[in-house]
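Visitor: Take this structure, written in structure tokens, and hold onto it; I'll ask about it next.
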Amino acid sequence: MSSLVNLEGSDFVGYDMDVMKAIGQKLGLSVEFKNLKFDAIIPAVSAGGQCDCAISGITINPERKEQVNFADGYYTDGLGFAVADAQKYTKANYNTELNKAGVMIAVQSGTTGEDYVKENFPNATRQAYDTSNDCFAALQCVAAISNDAVVGNLIKMSYSSLTKIDTISTGEEYGIAIKKDNKELLDAINKALKELKDEGKIDNIQSKWF
Amino acid sequence: MDNKEVIYQTVDLHKSFGELNVLNGIDLDIHKGEVVVILGPSGCGKSTYLRCLNLLENVTSGKIYFEGNDITSKGVNVNKLRSKVGMVFQQFNLFPHMNALKNVMVAQQRVLKRSKEEAKENALRNLDVVGMKGRANYLPSQLSGGQQQRVAIARALAMDPHVILFDEATSALDPELVREVLQVMKELAQSGMTMVVVTHEMQFARDVGDTIVLLNDGKIEEKASAYEFFNNPKSQITKDFLGHYSE
Amino acid sequence: MGYASAIKSALFKLILVLLAIALASGIFGSYASCFVAEALSTQRFSARPNSDNGNDVLGGEKTRINWEFQANESAPITGFTLVFPEGTTFNEEDASVTLMDDSGTTPGENDHLKRVPIQTVYSIDNLDFSAKFLNEVSADAYLEIRVQNVIFPQNGGELMFKASVNLANGDIVEVRDLLQINVKSFSFADKLAKDLSEQDWVKAWNSNDFLRLFFNPPVLVSSFPVVMQGFFTALALVLCAYPCAIPLGLLLALMRMSKLRLIRAIGSIYVNIIRGTPFFLQLYVAFFGLPLAGVQIPSFILGFIMLFLNSGAYLCEIFRAGIQSIPDGQTEASRSLGMSSFQTMFFIIIPQTIRRVIPTMTNEFILLYKDTSLLAAVGVMEVVMYAKTIVASTGSITPYIVAAFFYLIITIPLASLVGVLERKLDVSKAANNQVNVLDENDISVNVKDESDIDGSIAPSIALGQTQVTLQEDKNLQNDGAKNG
Numbered sequence: 001m002s003s004l005v006n007l008e009g010s011d012f013v014g015y016d017m018d019v020m021k022a023i024g025q026k027l028g029l030s031v032e033f034k035n036l037k038f039d040a041i042i043p044a045v046s047a048g049g050q051c052d053c054a055i056s057g058i059t060i061n062p063e064r065k066e067q068v069n070f071a072d073g074y075y076t077d078g079l080g081f082a083v084a085d086a087q088k089y090t091k092a093n094y095n096t097e098l099n100k101a102g103v104m105i106a107v108q109s110g111t112t113g114e115d116y117v118k119e120n121f122p123n124a125t126r127q128a129y130d131t132s133n134d135c136f137a138a139l140q141c142v143a144a145i146s147n148d149a150v151v152g153n154l155i156k157m158s159y160s161s162l163t164k165i166d167t168i169s170t171g172e173e174y175g176i177a178i179k180k181d182n183k184e185l186l187d188a189i190n191k192a193l194k195e196l197k198d199e200g201k202i203d204n205i206q207s208k209w210f
Numbered sequence: 211m212d213n214k215e216v217i218y219q220t221v222d223l224h225k226s227f228g229e230l231n232v233l234n235g236i237d238l239d240i241h242k243g244e245v246v247v248i249l250g251p252s253g254c255g256k257s258t259y260l261r262c263l264n265l266l267e268n269v270t271s272g273k274i275y276f277e278g279n280d281i282t283s284k285g286v287n288v289n290k291l292r293s294k295v296g297m298v299f300q301q302f303n304l305f306p307h308m309n310a311l312k313n314v315m316v317a318q319q320r321v322l323k324r325s326k327e328e329a330k331e332n333a334l335r336n337l338d339v340v341g342m343k344g345r346a347n348y349l350p351s352q353l354s355g356g357q358q359q360r361v362a363i364a365r366a367l368a369m370d371p372h373v374i375l376f377d378e379a380t381s382a383l384d385p386e387l388v389r390e391v392l393q394v395m396k397e398l399a400q401s402g403m404t405m406v407v408v409t410h411e412m413q414f415a416r417d418v419g420d421t422i423v424l425l426n427d428g429k430i431e432e433k434a435s436a437y438e439f440f441n442n443p444k445s446q447i448t449k450d451f452l453g454h455y456s457e
Numbered sequence: 458m459g460y461a462s463a464i465k466s467a468l469f470k471l472i473l474v475l476l477a478i479a480l481a482s483g484i485f486g487s488y489a490s491c492f493v494a495e496a497l498s499t500q501r502f503s504a505r506p507n508s509d510n511g512n513d514v515l516g517g518e519k520t521r522i523n524w525e526f527q528a529n530e531s532a533p534i535t536g537f538t539l540v541f542p543e544g545t546t547f548n549e550e551d552a553s554v555t556l557m558d559d560s561g562t563t564p565g566e567n568d569h570l571k572r573v574p575i576q577t578v579y580s581i582d583n584l585d586f587s588a589k590f591l592n593e594v595s596a597d598a599y600l601e602i603r604v605q606n607v608i609f610p611q612n613g614g615e616l617m618f619k620a621s622v623n624l625a626n627g628d629i630v631e632v633r634d635l636l637q638i639n640v641k642s643f644s645f646a647d648k649l650a651k652d653l654s655e656q657d658w659v660k661a662w663n664s665n666d667f668l669r670l671f672f673n674p675p676v677l678v679s680s681f682p683v684v685m686q687g688f689f690t691a692l693a694l695v696l697c698a699y700p701c702a703i704p705l706g707l708l709l710a711l712m713r714m715s716k717l718r719l720i721r722a723i724g725s726i727y728v729n730i731i732r733g734t735p736f737f738l739q740l741y742v743a744f745f746g747l748p749l750a751g752v753q754i755p756s757f758i759l760g761f762i763m764l765f766l767n768s769g770a771y772l773c774e775i776f777r778a779g780i781q782s783i784p785d786g787q788t789e790a791s792r793s794l795g796m797s798s799f800q801t802m803f804f805i806i807i808p809q810t811i812r813r814v815i816p817t818m819t820n821e822f823i824l825l826y827k828d829t830s831l832l833a834a835v836g837v838m839e840v841v842m843y844a845k846t847i848v849a850s851t852g853s854i855t856p857y858i859v860a861a862f863f864y865l866i867i868t869i870p871l872a873s874l875v876g877v878l879e880r881k882l883d884v885s886k887a888a889n890n891q892v893n894v895l896d897e898n899d900i901s902v903n904v905k906d907e908s909d910i911d912g913s914i915a916p917s918i919a920l921g922q923t924q925v926t927l928q929e930d931k932n933l934q935n936d937g938a939k940n941g
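Protein sequence lines, in the order shown, are assigned to chains B, W and E.
For the first sequence, the residue numbers in my numbering are 1 to 210.
For the second sequence, the residue numbers in my numbering are 211 to 457.
For the third sequence, the residue numbers in my numbering are 458 to 941.
Quick look at the structure:
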């Protein structure tokens, strides 16, 4: 599982959870978490009612900005590139070798990884899966791309036959999504985030999880 | 009658369904050209006996010989036997997805391997015999009960059977439709067809039957010529049975 | 050793430079321009795909360009000018210059993972996008330049950028790397979507949260052709799998009714496992388990196989129930004519069964078609998969509504067909009562022509009727067996 959100017993733990809890503390609010499928999160925030805001490794992008507001980024994503055959695909050649017709690259649907493959490996075939775990389970793909920390973790825990060949910094940031008309919450979260960053608390949480 | 060729010979036939003994030792010879009418109160085993004759029921013990061959022994070609023994059911059992003509043709083609033309010609001839040629293209659902039963008789006839078994062929019919079926059966008897008829129609038994058999509790209570049976019954049970019907 | 390699690399560089000079002087007269051609080397130059699906960069839609380069070690860069292709619009909002520095996690190698924002002042003059760095940048910087909100011309094409960099020594140097982006022309649907989004009524419509989320007109239009690709995949899958599942179902039904215990057991186990577990789990096992076992099957083929195997089990039970609903009298009549059990099954029982189970079979087709959506989870590009991809990247639910349309377009006509079939059964029940009282002289019953005699397909109006009479038949027959 990812380091962003994990299920430990019946509690959600992880980097995202800690960031949100810290923000809640700043605002003097208690945070109640609700688990949704990734592709249901933005619609849920946008529709309102179910939740006030969402944190789940959501990359800030222009399409999503049309649906919801984003607080300032709280984490800059790095992508990990894993391959099944590390002899054939190396850090030196994968940018050209994987960008070929017939090459299948597993991505998690709706993530930065998917966007990155779209932009940089347009000739390859993208196979989108619901979770990063499924990307790795699907061995019919020659490569899988996901959040760097997730890739490292999955290889260590379950998929020792795969090799991480590169890490890419996309510079794209994860943001907390907030319903468009809830300006107060947006400002409050941004203020809290700034304070947390200035106090070094975000860095602390990061070093705890990554 | 005794000098004629025996078609069916039943020897000490027993049949039971689990604990229930339905036939308790039947001995009966059926001769070529003979019309045997089997009477008896309901539950006496007369339908079961008929169904044993073409092996729709497996016999429990005893023997049945058909044209001299033991058909209760193992390894008997059941399909070959049945192709020679016609059966007409109480519920007609026409094939609902085929029209009358097809109903009469299908077994000719599949079992006797007759060509389509031959089967069709033969089917139309037999439908004519039962007065149903004009309705050859009708589906069973478009025919009355009497008409369906006549098609069913034609279906049996088309196989050129050595004997036809009638299992209460008119019991499911409305009273006004019974006559047309009995008329066909009567004509069939007059043509010399060997017939075993399970029925409740006393008048038919009296007019058409050569031999009348009264079954009671899975045994033959009385067996006699039609005249003897109706005019001079020996057994008290027969007398009671006939008395019940004459009321 | 270190000394030797330093000489070696210096020599190598010298040769390279000389070679470059020799080459460049042949092409260009200017010494300066050929020297600075090496001021940087582009690592990546791309635009963010902005079509609803696929990898296409569309004209007429917002995108973001990304330019990464490795600066030449001898000439620190202080700014740059990027000349956009004719017809492109852009602004400096959200533009960024980032130094990709070594994070230090991998010793001996610059991994470019540490992102250091460079303070930059931008200026725009027509197609020229100029930037001046406020921070000092080291000579061997690896820079990433991003410009957001870029809209390429709608006609698309292989668009060329030009660029130059300002060096610390005051030189302005042209960049000679190929800076090209292939822009696809705006599709009809995209154009329609864009036009729609500018309409006042659409803006009013979208001001309602519910309508915007579920029925956003521009998204509806732009996702339609994309989701339609999945529709064809799903349709192809089910049209391949279902006809194959029919014989499988029939075979399994016959196995389950076999006299041989072993055959019966095999059939039962198969059917019970398939029907007793969620299709979703079966897909997981097949799609993730088989590759582990070394079996590689393309996902469309595997999807087809799984649908086929699944539907076969369900059809088996439909056929079995259908066969068992045919009264025993039919079998007895057929067998008493001398037909074998095989002939009876194929000429008498199964034709009647098929007629009787057509409504249920149609329902099974509908279920199977809807089940193709589960294949989305294992990466088969069908309706839901395409819709989900768009939903995940845009956050609008509207593509799911489009997906729903592609299900309904199949399921509603079929469901109404089932309704018609079922109504016909009822109608024929009523008709049957009439037929039964028909007099022999009554010729109002329709007479079919000769050609129908050989056709084994009876009109379906006969369906319900036979069902009724034969059902009674069965009851009577059962009574008869007990009594007779």
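All residues carry an ideal CB built from backbone N, CA and C; glycine is no exception.
Residue 554 of chain E: buried (16+ other C-beta within 10 angstroms of its C-beta) or exposed?
Guide: Buried, since its Cβ has 16 or more Cβ neighbours within 10 Å.
Visitor: I'd like the list of long-range same chain contacts for residue 836 of chain E, defined as Cβ closer than 7 angstroms, with 5 residues on each side in sequence excluded.
Guide: Hits under 7 angstroms: 756.
Visitor: State yes or no: is the C-beta of residue 497 of chain E within less than 7 angstroms of the C-beta of residue 523 of chain E?
Guide: For residue 497 of chain E and residue 523 of chain E, no; Cβs fall outside 7 angstroms.
Visitor: Please check if any C-beta of chain E sits within less than 7 angstroms of the C-beta of residue 67 of chain B.
Guide: So, interface residue.
Visitor: Checking contacts by CB at 7 angstroms: is residue 884 of chain E closer than that to chain W?
Guide: The predicted position of residue 884 of chain E is uncertain, since its pLDDT is 45 and thus under 50; a value taken from the coordinates is nonetheless stated next. No, because no Cβ of chain W sits closer than 7 angstroms to the Cβ of residue 884 of chain E.
Visitor: Would you list, in chain order, the members of the segment 767-798 of chain E that have their beta-carbon closer than 7 angstroms to a beta-carbon of chain W?
Guide: Listed by position, the residues of the segment 767-798 of chain E near chain W (Cβ gap below 7 angstroms) are 786, 787, 789, 790, 792, 793, 794, 795, 796, 797.
Visitor: May I ask you to report which of helix, strand or coil DSSP gives residue 695 of chain E?
Guide: DSSP places residue 695 of chain E in helix when its eight states are reduced to three.
Visitor: How many angstroms separate the CA atom of residue 76 of chain B from the CA atom of residue 629 of chain E?
Guide: Each residue's alpha carbon lies about 33 angstroms from the other.
Visitor: Which residues mark the beginning and the end of the beta strand (DSSP E) in which residue 594 of chain E is found?
Guide: Segment: none, residue 594 of chain E is in no beta strand (DSSP E) and carries neither H nor E.
Visitor: Checking contacts by CB at 7 angstroms: is residue 263 of chain W closer than that to chain E?
Guide: Not one chain E Cβ lies under 7 angstroms of residue 263 of chain W.
Visitor: Are the C-beta atoms of residue 169 of chain B and some chain E residue less than 7 angstroms apart?
Guide: Yes, contact with chain E.
Visitor: Grab the span of the alpha helix (DSSP H) containing residue 733 of chain E for me, first residue to last.
Guide: First-last of the alpha helix (DSSP H) with residue 733 of chain E: 718-733.
Visitor: Below 9 angstroms on C-beta distance, what does residue 329 of chain W contact in chain E?
Guide: None at all; the shortest Cβ gap to chain E is about 11 angstroms.
Visitor: Since residue 45 of chain B is in the alpha helix (DSSP H), which residue starts that stretch and which ends it?
Guide: Unbroken alpha helix (DSSP H) run through residue 45 of chain B: 38-47.
Visitor: Residues in the same chain with beta-carbon distance under 8 angstroms from residue 64 of chain B, minus the five sequence neighbours each way, listed in chain order, please.
Guide: Only 42, 58, 70, 177 meet the Cβ criterion.
Visitor: Determine the closest residue to residue 254 of chain W out of W:439, W:433, W:427, with distance taken between C-alpha atoms.
Guide: For the residues W:439, W:433, W:427, the minimum Cα distance to residue 254 of chain W belongs to W:427.
Visitor: Can you find a C-beta in chain W that's less than 7 angstroms from the C-beta of residue 891 of chain E?
Guide: The predicted model places residue 891 of chain E with a pLDDT of 38, which falls under 50 and marks its position as unreliable; any figure quoted below should be read in that light. No - not a single Cβ of chain W is within 7 angstroms of the one on residue 891 of chain E.
Visitor: Indicate whether at least one CB of chain W lies closer than 7 angstroms to the CB of residue 815 of chain E.
Guide: By this cut-off, residue 815 of chain E is not an interface position.
Visitor: Between the alpha carbons of residue 346 of chain W and residue 311 of chain W, how many angstroms are there, rounded?
Guide: So the two alpha carbons sit approximately 5 angstroms from each other.
Visitor: Is the beta carbon of residue 801 of chain E closer than 7 angstroms to that of residue 791 of chain E?
Guide: Yes.
Visitor: In the DSSP output, which residue or residues are listed as bridge partners for residue 589 of chain E?
Guide: In DSSP, residue 589 of chain E forms a bridge with E:536, E:578.
Visitor: Going by other Cβ atoms of all chains shown within 10 Å of its Cβ, with 16 needed for buried, is residue 156 of chain B buried or exposed?
Guide: Exposed.
Visitor: Please identify the residue among E:824, E:653, E:819 whose C-alpha is closest to the C-alpha of residue 677 of chain E.
Guide: Checked all of E:824, E:653, E:819; the closest Cα to residue 677 of chain E is E:653.
Visitor: For residue 238 of chain W, which three-state DSSP category applies?
Guide: Three-state result, residue 238 of chain W: strand.
Visitor: Using a Cβ distance threshold of 8 angstroms, determine whether the segment 593-601 of chain E contacts the segment 504-521 of chain E, with at least three qualifying pairs required.
Guide: Contact fails: fewer than three Cβ-Cβ distances are below 8 angstroms.
Visitor: Leaving out five residues on either side along the sequence, give the residues of the same chain with a beta carbon under 7 angstroms from the beta carbon of residue 720 of chain E.
Guide: Closer than 7 angstroms at the Cβ level, and outside the excluded window around residue 720 of chain E, lie 712.
Visitor: Answer yes or no: do residue 356 of chain W and residue 387 of chain W have a C-beta to C-beta separation smaller than 7 angstroms?
Guide: Cβ atoms of residue 356 of chain W and residue 387 of chain W: closer than 7 angstroms.
Visitor: Going by C-alpha to C-alpha distance, which of E:833, E:736, E:778 sits closest to residue 810 of chain E?
Guide: Closest by alpha carbon: E:778.
Visitor: Measuring only the C-alpha atoms, how far is residue 78 of chain B from residue 118 of chain B?
Guide: Going from the Cα of residue 78 of chain B to the Cα of residue 118 of chain B covers about 16 angstroms.
Visitor: Quick check on DSSP: helix, strand or coil for residue 290 of chain W?
Guide: Reduced to three states, the DSSP call for residue 290 of chain W is helix.
Visitor: Helix, strand or coil for residue 572 of chain E per DSSP?
Guide: Here residue 572 of chain E sits in strand by DSSP.
Visitor: Grab the span of the beta strand (DSSP E) containing residue 521 of chain E for me, first residue to last.
Guide: Here the beta strand (DSSP E) through residue 521 of chain E covers 519-528.
Visitor: Are there 16 or more other CB atoms within 10 angstroms of the CB of residue 358 of chain W, so buried, or fewer, so exposed?
Guide: Under this definition residue 358 of chain W is a buried residue.
Visitor: Give the residues of chain W in contact with residue 805 of chain E, contact being defined as C-beta atoms less than 7 angstroms apart.
Guide: Those within 7 angstroms of residue 805 of chain E in chain W are 305.
Visitor: To test your reading of the DSSP string, which unbroken alpha helix (DSSP H) runs of 4 or more residues are found completely within the segment 90-153 of chain B?
Guide: Counting only runs of 4 or more, we get 94-97, 112-120, 132-137.
Visitor: Just verifying my parser: in three-state terms, what is the DSSP assignment at residue 823 of chain E?
Guide: Correct three-state label for residue 823 of chain E: helix.
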